[in-house]
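A.B. asks: Residue numbers for the sequence shown follow our numbering, beginning at 54 and rising by one.
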Amino acid sequence: MKKILFILSISFILLTSCEKSYRFHLETPKTVTSKNAKFTAKLTEVNQQPIDSVLYSLNGKPATKNNVFDLTNSRLGKHTVSAIVFYKGNKNKKVMNVVTKLALNKPAYYSYEIINTYPHDKNAFTQGLEFYQGDLYESTGQYGESSIRKVDLKSGKVLKMQPLDKKYFGEGITIFNNKIHQLTWQSNIGFVYDVETFKQLGSFTYGKSKEGWGLTHDNTYLIKSDGSKKLWFLDPNTHKEIKFVEAYTNKISTSKEISKLNELEYVNGKVYANVWQKNFILIINPKYGTIEGVVDLNGLQTKAGQQGENNVLNGIAYNTKTDKLYVTGKRWNKLFEIKLTKK
Numbered sequence: 054m055k056k057i058l059f060i061l062s063i064s065f066i067l068l069t070s071c072e073k074s075y076r077f078h079l080e081t082p083k084t085v086t087s088k089n090a091k092f093t094a095k096l097t098e099v100n101q102q103p104i105d106s107v108l109y110s111l112n113g114k115p116a117t118k119n120n121v122f123d124l125t126n127s128r129l130g131k132h133t134v135s136a137i138v139f140y141k142g143n144k145n146k147k148v149m150n151v152v153t154k155l156a157l158n159k160p161a162y163y164s165y166e167i168i169n170t171y172p173h174d175k176n177a178f179t180q181g182l183e184f185y186q187g188d189l190y191e192s193t194g195q196y197g198e199s200s201i202r203k204v205d206l207k208s209g210k211v212l213k214m215q216p217l218d219k220k221y222f223g224e225g226i227t228i229f230n231n232k233i234h235q236l237t238w239q240s241n242i243g244f245v246y247d248v249e250t251f252k253q254l255g256s257f258t259y260g261k262s263k264e265g266w267g268l269t270h271d272n273t274y275l276i277k278s279d280g281s282k283k284l285w286f287l288d289p290n291t292h293k294e295i296k297f298v299e300a301y302t303n304k305i306s307t308s309k310e311i312s313k314l315n316e317l318e319y320v321n322g323k324v325y326a327n328v329w330q331k332n333f334i335l336i337i338n339p340k341y342g343t344i345e346g347v348v349d350l351n352g353l354q355t356k357a358g359q360q361g362e363n364n365v366l367n368g369i370a371y372n373t374k375t376d377k378l379y380v381t382g383k384r385w386n387k388l389f390e391i392k393l394t395k396k
């Protein structure tokens with residue numbers, strides 16, 4: 054009896070050792086653009102062993118046409134294609150690939166012309182800058198120094214100020230429906246104030262965007278940066294994150310270098326974004342995340358009497374009443390009205 058069991062065991066080992074292991078390969082393009090955004094995903098078994106079926110999905114949503122996908126009207130950036138393969142009756146495995154959608158065209162490049170120069174509080178660690186009904190508002194950062202302010206453009210004088218509790222590091226602001234919405238950096242909380250009295254009306258917490266950097270709005274959503282290349286769109290009443298886009302160019306190499314989107318401003322349908330510790334502004338299409346322009350602002354930091362990696366360009370304000378654009382920086386003693394010139 055023992056001899057028979059031994060022979061059966063050896064036979065089973067021989068049979069299982071002859072069976073090849075399953076190896077799956079998911080074929081997708083690495084990159085697409087809006088011009089060639091339709092593609093087919095194909096899962097194969099490398100050793101040509103039989104599989105029962107495959108379920109495909111894009112960003113967690115099942116494919117509507119089996120394994121055919123179309124990213125034409127989707128945001129730029131990374132999209133995850135998944136395939137769950139069923140084999141050997143009751144076994145299954147999930148295989149994933151990332152497809153990156155890039156911009157179709159390279160961005161335009163701009164320089165600048167200084168139209169006017171105004172004084173600016175050299176102690177203000179500027180985090181947000183915005184006009185509302187013709188008046189200039191600013192938020193400042195640093196623990197123990199953070200505030201929201203109403204500022205006189207021509208003199209630089211602070212007309213009204215509300216400091217934050219010392220435990221908060223203030224970040225970007227935007228003003229929507231007579232309310233100032235302000236972010237803090239790493240405390241996972243933002244505040245809402247009455248624009249006239251600066252009285253605090255409420256607060257809100259963040260969702261997947263763990264940090265607060267810059268803030269603007271498009272008359273429908275608040276638009277928030279979190280130190281990455283993402284722009285988050287928030288419901289202005291609940292502050293819940295509705296969607297996001299990622300800032301990308303037409304090349305993987307340059308897109309990888311883009312991150313740390315900071316202070317934001319909505320200008321004629323585009324989002325202007327400072328990049329932390331960089332002397333340029335990105336002009337971003339908020340629908341797809343396309344970087345349509347790069348504004349070279351080299352030289353302004355020196356003109357503002359500042360050097361160093363912390364006291365950098367940060368602060369963009371567009372006055373819709375006068376169609377004028379203004380920029381400043383952290384602890385800069387000047388605020389500049391500039392005009393963009395295409396290179």
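Note that CB positions come from ideal geometry on N, CA and C, so glycine has one too. In this text the structure is predicted, and so the values were computed from the model without any measurement.
For the beta strand (DSSP E) containing L317, list its first residue and its last residue.
C.D. replies: 314-320
A.B. asks: Around the Cβ of H270, are there at least 16 other Cβ atoms within 10 angstroms (buried) or fewer (exposed)?
C.D. replies: Answer is buried; the Cβ neighbour count reaches 16.
A.B. asks: If you count every other CB in all the chains shown that lies within 10 Å of the CB of T302, and 16 or more means buried, which is it?
C.D. replies: buried
A.B. asks: So the candidates are D247, K159, N158, G187; which of them puts its Cα closest to the Cα of I201?
C.D. replies: When C-alpha distances from I201 are compared across D247, K159, N158, G187, the shortest belongs to D247.
A.B. asks: Exposed or buried, S135, counting other C-beta atoms within 10 Å across all chains shown (16 or more means buried)?
C.D. replies: buried
A.B. asks: Taking the C-alpha atoms as reference points, what is the distance between K56 and S74?
C.D. replies: Residue placement at K56 cannot be trusted, given a pLDDT of 49 that sits under 50; the coordinates are not used to answer.
A.B. asks: Since K261 sits in a beta bridge, which residues does DSSP pair it with?
C.D. replies: DSSP, once it has assigned bridges, lists no residue as partnering K261.
A.B. asks: Scan the region 113-185 and note each continuous beta strand (DSSP E) run of 3 residues or more that stays entirely inside, going in chain order.
C.D. replies: 121-123, 130-140, 144-154, 161-172, 179-185
A.B. asks: Could you give the residue range of the alpha helix (DSSP H) that holds Q354?
C.D. replies: 353-356
A.B. asks: Can you tell me the Cα-Cα spacing of W285 and M149, whole angstroms?
C.D. replies: 25 Å
A.B. asks: Express the C-alpha separation of K293 and K459 in angstroms, rounding to a whole number.
C.D. replies: Residue 459 lies beyond the stretch modelled for the chain, which goes from 54 to 396, so this question has no answer here.
A.B. asks: Between the region 153-169 and the region 98-114, are three or more C-beta pairs nearer than 8 Å?
C.D. replies: Result no; under three Cβ-Cβ pairs closer than 8 Å.
A.B. asks: Which residues does DSSP list as the beta-bridge partners of N372?
C.D. replies: K377
A.B. asks: Can you find at least 3 beta carbon pairs, one from the region 94-104 and one from the region 264-284, that sit closer than 8 Å?
C.D. replies: no
A.B. asks: Assuming T307 is part of the alpha helix (DSSP H), what are its boundary residues?
C.D. replies: 305-310
A.B. asks: Please state the DSSP three-state secondary structure of Q215.
C.D. replies: Of the three classes helix, strand and coil, the one that applies to Q215 here is strand, per DSSP.
A.B. asks: I295: which of V320, Y259, S306 sits nearest, CA to CA?
C.D. replies: Y259
A.B. asks: Determine the burial state of H173: buried for a count of at least 16 other Cβ atoms within 10 Å of its Cβ, exposed for fewer.
C.D. replies: With 16 or more Cβ atoms within 10 Å of its Cβ, H173 is classed as buried.
A.B. asks: Per DSSP, E98 forms a beta bridge with which residues?
C.D. replies: F77
A.B. asks: May I have the straight-line CA-CA distance separating K383 from S199, to the nearest angstrom?
C.D. replies: 12 Å
A.B. asks: Is it a yes or a no for the region 141-148 touching the region 180-187, going by three-plus beta-carbon pairs under 8 Å?
C.D. replies: no
A.B. asks: Can you grab the Cα-Cα spacing for the pair N290 / F244, in whole Å?
C.D. replies: 12 Å
A.B. asks: If you follow the beta strand (DSSP E) that R202 is in, where does it begin and where does it stop?
C.D. replies: 200-204
A.B. asks: Provide the residue span of the beta strand (DSSP E) that contains L350, from first to last.
C.D. replies: Counting along the chain, L350 falls outside any beta strand (DSSP E), and DSSP gives it neither H nor E.
A.B. asks: May I ask you to report which of helix, strand or coil DSSP gives T273?
C.D. replies: coil
A.B. asks: Answer yes or no: do N332 and N315 have a C-beta to C-beta separation smaller than 7 Å?
C.D. replies: no
A.B. asks: On a CA-only basis, which of P115, I167, T117, H132 is nearest V85? Give me that one, please.
C.D. replies: H132
A.B. asks: Go through its chain and collect everything with a Cβ distance to V298's Cβ below 6 Å, but skip five positions before and after it.
C.D. replies: R128, L284, G342
A.B. asks: Express the C-alpha separation of F389 and K207 in angstroms, rounding to a whole number.
C.D. replies: 11 Å
A.B. asks: Please go through the same chain and pick out, in chain order, the residues whose beta-carbon is closer than 8 Å to the beta-carbon of L287, but skip the five residues on each side of it.
C.D. replies: Y274, L275, I276, K277, K293, E294, I295
A.B. asks: Per the DSSP calculation, V298 is bridged to which residue(s)?
C.D. replies: DSSP output for V298 lists L284 as bridge partner(s).
A.B. asks: Note the first and the last residue of the continuous beta strand (DSSP E) segment covering D247.
C.D. replies: 242-247
A.B. asks: In this structure, does DSSP put I63 in helix, strand or coil?
C.D. replies: Note on I63: pLDDT 45, under 50, position unreliable in the model; the coordinate value appears next. DSSP places I63 in helix when its eight states are reduced to three.
A.B. asks: What do you reckon, are the CB atoms on F77 and D105 nearer than 7 Å?
C.D. replies: no
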